[in-house]
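Trainee: Take 2 as the starting number for the sequence shown in my numbering and just add one per residue.
Below: one structure in structure tokens.
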Amino acid sequence: MRHLVFSLAALFAGLTTVAAAQNPPAPTPAPHPAAAAPQAGAKLADYAGTWDTKTMVGPKDSVVATYTLTVSADGKTWTRQFPNRDPIATRVLAFGGDSVVTETGPYQSVLRTGQMVTTWTTGHYHGKTMTGTFEAHYASGDVLKGKISATRR
């Protein structure tokens, strides 16, 4: 009889162990991260002024074009003007933190005569300077990517 009780106890212990291995306890949930502090960031009006801008491409950042970016005092009106050209309206698509995304065009390309181009630019505001990237999308389907660097006058 003892042998039967001992065998049943061992069998029960073994079944319990197998069941526990197949159904491990639920993991303890990770603690919630602290909420991020709101980022003050720049306002559109902070971009106000006249910016001398260079567009660069290639591994040595060769300057391929320059233009003047003018932003109204309230930050709502943006224009881009290449040398010896009329100003071109520039639209703000998004902004937040230190960054602004703009779209200009379509307009006659400065680099590819006779082609229309639309340019998207992402600028990162640093007070009196701005750096970032651009993508120029040509009517032919070509895309040119590069960097920008701007200094406020």
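Where a beta carbon is used, it is the ideal one built from N, C-alpha and C, also for glycine.
Using 10 angstroms around the beta-carbon of L70, count the other beta-carbons present and answer buried if the total reaches 16, otherwise exposed.
Mentor: As a working mapping, residue 70 is identified with position 69 in the sequence shown. Buried, since its Cβ has 16 or more Cβ neighbours within 10 Å.
Trainee: What whole-angstrom Cβ distance do I149 and G124 have, given they're in contact under 8 Å?
Mentor: By one-based count along the sequence shown, residue 149 stands at place 148. By one-based count along the sequence shown, residue 124 stands at place 123. Correct: roughly 7 Å between the Cβ atoms.
Trainee: Grouping DSSP H, G and I as helix and E and B as strand, with all else coil, what is L47?
Mentor: Here residue 47 refers to the residue found at position 46 when the sequence shown is read from its first residue. Residue 47 is actually Asp in this sequence, not Leu. D47: helix per DSSP, three-state reduction.
Trainee: Check this for me: beta carbons of T80 and I89, under 8 Å apart or not?
Mentor: Taking the first residue of the sequence shown as position 1, residue 80 is located at position 79. Taking the first residue of the sequence shown as position 1, residue 89 is located at position 88. Taking 8 Å as the Cβ cut-off, T80 and I89 qualify as a contacting pair.
Trainee: Take the Cβ of G97 as the centre, count every other Cβ of all protein chains shown within 10 Å, and call the residue buried at 16 or more, exposed below.
Mentor: Within the sequence shown, the letter at position 96 stands for residue 97. So G97 counts as exposed.
Trainee: Using the C-alpha atoms, what's the distance from V118 back to G106?
Mentor: Looking up residue 106 in the sequence shown gives position 105. Looking up residue 118 in the sequence shown gives position 117. About 6 Å.
Trainee: Buried or exposed for S110, going by 16 or more other Cβ atoms inside 10 Å?
Mentor: The sequence position of residue 110 within the sequence shown is 109, counting from 1. The residue in question, S110, is buried, as its Cβ has 16 or more Cβ neighbours within 10 Å.
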